[in-house]
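Some notes on the structure that comes next.
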Amino acid sequence: MMADLIQSCDVLVIGGGNAALCAAVTARRGGAKVILLESAPEAFRGGNSRHTRDIRHMHARATEYLTGPYSEEEFWDDLARVTGGETNEQLARLTIRESANLAGWISTNGVRWQPPLQGTLHLTRTNLFMLGGGKAMMNAYYDTARKLGVLVAYETEARELKIRDGEFLLAVVRRGGETHEVRAKSVVIASGGFEANIPWLKEYWGDAAENFIIRGTKYNQGRMLQELLEHGAKPVGDPQGCHAVAVDARAPKFDGGIVTRLDCVPFGIVVNQDARRFYDEGEDLWPKRYATWGALIARQPGQIAYSIIDSKAMGQFMPSVYPPIEARSIAELATALGLEPAALAATIDEFNRSVRPGTFNAGSLDDCRTEGLDPPKSHWALPIDTPPFCGYPLRPGITFTYLGVTVNERAQVIMQDERPAKNIFAAGEVMAGNILRRGYLAGFGLTIGSVFGRIAGREAARHALG
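Shown next as structure tokens:
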């Protein structure tokens with residue numbers, strides 16, 4: 042494969058996840074000769090995309106895989122709410138509109154769908170679930186790319202970009218201890234964020250970053266993002282911003298994936314290492330609020346928290362990959378979690394006294410709430426009083442970072458002088474900060490990567506062959 046890399050190509054795609062494959066397949070179908078560089082070994086190809094399971098998209102009616110319509114305005118309202126309006130509306134609406142034809146395109150490229158999961162996900166109407174999850178999706182895309190003639194180089198890391206006056210000339214790549222130059226008429230950067238680069242995270246988070254768990258690939262080091270910024274690309278997004286969720290503190294440092302996420306938060310309380318609550322556990326439906334919890338925990342002492350539930354909550358959420366820590370009493374549970382028993386008992390007593398009667402409904406914003414409690418619990422508030430009592434230790438699980446490069450509607454990278462680069466395109470996490478600067482919607486990362494991956498592939502091929 043290295044012999045192929047020494048030759049020039051029409052379109053060079055740097056990255057190996059969903060956005061990169063969407064770009065490569067689209068560019069190849071557009072008539073371009075395409076080389077794709079994946080820094081991971083073949084067995085770990087696919088970046089964070091292999092850990093996904095569903096994609097959010099606009100649609101007009103129910104299908105066998107979706108229970109109802111999801112309009113552009115509802116999609117936009119959901120996004121505006123979770124981001125607090127901190128988004129590029131033009132690019133966000135482009136993503137939403139273009140998502141309407143994703144289901145057919147994805148199926149054409151070998152991906153199959155399954156009925157969505159139930160429970161805390163609440164996604165039966167808005168999201169499509171891939172049969173076999175993200176790993177099966179990426180396998181299908183790589184198989185399609187191979188059949189089309191895309192040249193894929195694994196364990197091949199792009200180290201430098203040679204750019205002059207906003208024009209890409211070549212990439213310096215390294216594989217097997219050897220360095221090579223790859224020339225292309227266009228380049229698509231789809232190599233993710235910098236969430237696996239702990240020293241870079243520490244520039245914004247300090248020593249707290251040492252306690253972060255990286256949910257996805259260890260290969261997302263942000264080298265290409267750094268190269269683009271050093272060559273004058275216009276940055277976008279909060280450097281400290283990221284898609285971060287509550288994961289089990291017992292998860293591995295890297296690549297634990299989606300199974301390490303804990304969905305029990307709405308059905309109990311969450312306390313820090315001082316056994317104090319610090320946020321409303323029942324603020325909103327889980328797909329709209331679960332991504333707030335990673336950053337919340339990141340700002341707690343020691344970057345650790347604990348979800349506390351009782352037997353009434355069991356069965357209401359997705360099963361955890363690690364078993365809960367169980368006890369017959371609150372004092373026993375506190376000891377097992379390393380918390381001060383009297384402090385945890387006081388927090389739970391105060392919570393239980395504040396709960397007001399209501400009709401519990403795990404599938405909607407019910408009327409089970411607290412009164413006179415700070416912070417409140419707005420929904421799903423039930424007394425924690427029925428043993429066995431259970432606890433889960435929580436850490437911030439970083440999915441991807443929001444610092445990226447500015448792009449336009451053609452996926453062209455915008456330079457600091459506001460001019461679009463001549464032949465440099467970006468897709469996926471490296472440009473998601475245009476649309477996501479805070480907050481998250483379940484399945485929306487794949488939507489951005491799929492839409493802008495296809496746009497980048499199309500435009501890169503047009504430039505190369507034009």
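Heads up, the sequence shown is in the working numbering, so the first residue is 42 and it goes up one at a time.
Ideal Cβ positions, reconstructed from N, Cα and C, are used throughout, including at glycine.
Problem - Entirely enclosed alpha helix (DSSP H) segments - the stretch 139-195, minimum 4 residues - result: 143-149, 174-189
Problem - Residues near residue 494 in its chain [Cβ-Cβ closer than 6 Å; skip 5 each side] - result: 60, 63, 64, 468
Handout entry: Element boundaries [alpha helix (DSSP H), containing residue 395]
Key = 382-395
Practice task
Would you please state the rounded distance, in angstroms, between the beta carbons of residue 54 and residue 311? I believe it to be under 8 Å.
Solution key: Not confirmed; about 41 Å, so no contact.
Exercise for the section: Taking 8 Å as the threshold, find out whether the stretch 396-408 comes into contact with the stretch 334-350 through three or more Cβ pairs. Expected result: no
Practice task
Can you grab the Cα-Cα spacing for the pair residue 509 / residue 372, in whole Å?
Solution key: Absent from the structure is residue 509, since the part of the chain shown begins at 42 and ends at 507.
Practice task
Starting from the N-terminal side, write out each stretch of the beta strand (DSSP E) that is 3 residues or longer and does not extend beyond the stretch 206-261.
Solution key: 208-216, 219-230
Practice task
Along the beta strand (DSSP E) that carries residue 464, what are the first and last residues, could you check?
Solution key: 461-467
Practice task
Go through the stretch 296-383 residue by residue and report every complete run of the beta strand (DSSP E) that reaches 3 residues or more, in order.
Solution key: 310-313, 346-350, 366-368
Exercise for the section: Within the same chain, show all residues whose beta-carbon is closer than 6 Å to that of residue 324, passing over the 5 residues directly before and after it, in chain order. Expected result: 330, 419
Exercise for the section: Quick one: residues in its chain with C-beta nearer than 7 Å to the C-beta of residue 118, no 5 flanking neighbours on either side, listed in chain order? Expected result: none
Practice task
Tell me residue 202's beta-bridge partners as DSSP assigns them.
Solution key: 212
Practice task
Return the CA-CA distance between residue 108 and residue 165, expressed in angstroms with no decimal places.
Solution key: 6 Å
Handout entry: Stretch-stretch touch, CB-based, cutoff 8 Å, three pairs: the stretch 278-289 with the stretch 424-439
Key = yes
Problem - Cβ neighbour criterion (16 or more within 10 Å) applied to residue 210 - result: exposed
Practice task
Flag this pair as yes or no: are the beta carbons of residue 375 and residue 365 separated by less than 8 Å?
Solution key: no
Practice task
Give the C-beta separation of residue 195 and residue 82 to the nearest angstrom, bearing in mind that I take them to be a contact with Cβ-Cβ under 8 Å.
Solution key: 6 Å
Exercise for the section: Rounded to whole angstroms, what's the CA-CA distance from residue 66 to residue 184? Just pull it up for me. Expected result: 10 Å
Exercise for the section: Going by DSSP, name the residue or residues bridged to residue 436. Expected result: 288
Handout entry: CB of residue 143 within 8 Å of CB of residue 491, strictly
Key = yes
Exercise for the section: For the alpha helix (DSSP H) containing residue 123, list its first residue and its last residue. Expected result: 113-124
Practice task
With DSSP as the reference, please indicate the residues paired to residue 95 in a beta bridge.
Solution key: 170
Problem - Same chain, Cβ closer than 6 Å to residue 440, neighbours up to 5 away in sequence not counted - result: 256, 284
Handout entry: Backbone CA spacing between residue 205 and residue 177 [nearest angstrom]
Key = 39 Å
Practice task
Report yes if the CB atom of residue 126 is closer than 8 Å to the CB atom of residue 233, and no otherwise.
Solution key: no
Practice task
Please confirm if the stretch 386-402 is in contact with the stretch 293-304, defined as three or more CB-CB distances below 8 Å between the two stretches.
Solution key: no
Practice task
Out of 120, 429, 254, point me to the one whose CA is closest to residue 355's CA.
Solution key: 429
Problem - Span of the alpha helix (DSSP H), counted from its first residue to its last, around residue 489 - result: 485-506
Problem - Own chain residues within Cβ distance below 7 Å of residue 250, not counting five before or after - result: 239, 242, 243
Exercise for the section: Taking all protein chains shown into account, decide if residue 157 is buried (16 or more other Cβ within 10 angstroms of its Cβ) or exposed. Expected result: buried
Problem - residue 55, DSSP secondary structure in three states - result: strand
Problem - Cβ-based neighbour list, residue 90, same chain, cut-off 6 Å, excluding 5 preceding and 5 following - result: 58, 59, 175, 179
Handout entry: Pairwise C-alpha distance: residue 309 and residue 258
Key = 31 Å
Practice task
Out of 113, 186, 500, 483, point me to the one whose CA is closest to residue 464's CA.
Solution key: 500
Problem - First through last residue of the beta strand (DSSP E) which encompasses residue 77 - result: 75-78
Exercise for the section: Report yes if the CB atom of residue 485 is closer than 8 Å to the CB atom of residue 97, and no otherwise. Expected result: yes
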